[in-house]
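As numbered in numbering that gives the first Met the number 0, residues 0 to 197 make up the sequence shown, in order. We put the CB at the ideal spot given by N, CA and C, even for glycine. Here is the structure we will look at, set down as structure tokens.
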Amino acid sequence: MPACRNHPEVVEHIVDCSRCGGAFCPDCVITLQGRPVCAGCKGEQVKDITSGAVEGLEPAGRGARLGAAIIDTLLLMAVLIPVYMAMGIGSAFFDKEQQTTWFHVITNVLPLILYTFYEVELLKRRGQTVGKMALKIAVLDPAGAPLATAACWKRALTRNLLSITQIGGLIDALMVFTKDRLTIHDRVAKTQVVVWKR
Numbered sequence: 000m001p002a003c004r005n006h007p008e009v010v011e012h013i014v015d016c017s018r019c020g021g022a023f024c025p026d027c028v029i030t031l032q033g034r035p036v037c038a039g040c041k042g043e044q045v046k047d048i049t050s051g052a053v054e055g056l057e058p059a060g061r062g063a064r065l066g067a068a069i070i071d072t073l074l075l076m077a078v079l080i081p082v083y084m085a086m087g088i089g090s091a092f093f094d095k096e097q098q099t100t101w102f103h104v105i106t107n108v109l110p111l112i113l114y115t116f117y118e119v120e121l122l123k124r125r126g127q128t129v130g131k132m133a134l135k136i137a138v139l140d141p142a143g144a145p146l147a148t149a150a151c152w153k154r155a156l157t158r159n160l161l162s163i164t165q166i167g168g169l170i171d172a173l174m175v176f177t178k179d180r181l182t183i184h185d186r187v188a189k190t191q192v193v194v195w196k197r
């Protein structure tokens, strides 16, 4: 039974590096473009990917990206509707001025906060929101690797801050029609949305 090159005591769940063929435990490999790569091969593999020597991942279709966004928005609304209903009931306990301020904060700030945390957490964990899972697309870094936490935050915050103004959100969404299909939030966070059928 093969053992990990770096940890000879580990013989379970051994993975072969797709570049050198060496046997490694899951702690000693990363995944680039869906392929396991050991630490020794990682640098060369990234160079090959960025130079185009390794077949790139297929960019997600515009329809799939739109569909995923619609699914995620519907999920958010499913959470927010009960909150808004409770606000309507609770408004009887506040005077008119307090109602206006409270309603404004809840209806404008709460969706941004919820959607940002929802997106960051799921992208950190698996590179996909629920909508992206359903449409079989994923968000990766330029080398085809899972996103770092900082990139998840940059992407979610940029998109949600742009959406505060309708024109900013519209321009961001329309960037998907550029040749590389990268939106403003993809460019800021250095991310790509790709077909992901794994």
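Once DSSP output is grouped into helix, strand and coil, what is the label at residue i?
i: P110; result: helix
i: Q198; result: Any question about residue 198 goes unanswered here, given that the chain covers just 0 to 197.
i: V175; result: helix
i: D15; result: strand
i: P81; result: helix
i: A188; result: helix
i: I183; result: helix
From the DSSP secondary-structure annotation, give me the bridge partner or partners of residue i.
i: I29; result: V36
i: D137; result: It should be pointed out that residue 137 corresponds to Ala in this sequence rather than to Asp. BP columns for A137 point to V193.
i: A22; result: D15
i: P58; result: V193
Report the option in the options whose CA atom is closest to the CA atom of residue i.
i: A133; options: A68, L160, A188, V119; result: A68
i: H12; options: T128, P1, P110; result: P1
i: K19; options: Q44, A85, V129; result: At residue 19 the sequence reads Cys, which differs from the Lys that was named. Of Q44, A85, V129, the residue nearest in Cα terms is Q44.
i: V187; options: F176, L169, K178, L161; result: L161
i: E120; options: R158, T148, V9; result: T148
i: K41; options: Q165, A142, I183, L56; result: A142
i: A150; options: T115, R4, L173, K131; result: T115
i: G130; options: V10, G62, P7; result: G62
The region 153-165 in contact with the region 64-78 per 3-pair CB rule at 8 Å:
no
How about the region 176-195 and the region 124-138: do they share at least three Cβ pairs that are nearer than 8 Å?
yes
I want to know whether the region 37-46 touches the region 10-28 - three or more CB-CB distances under 8 Å.
yes
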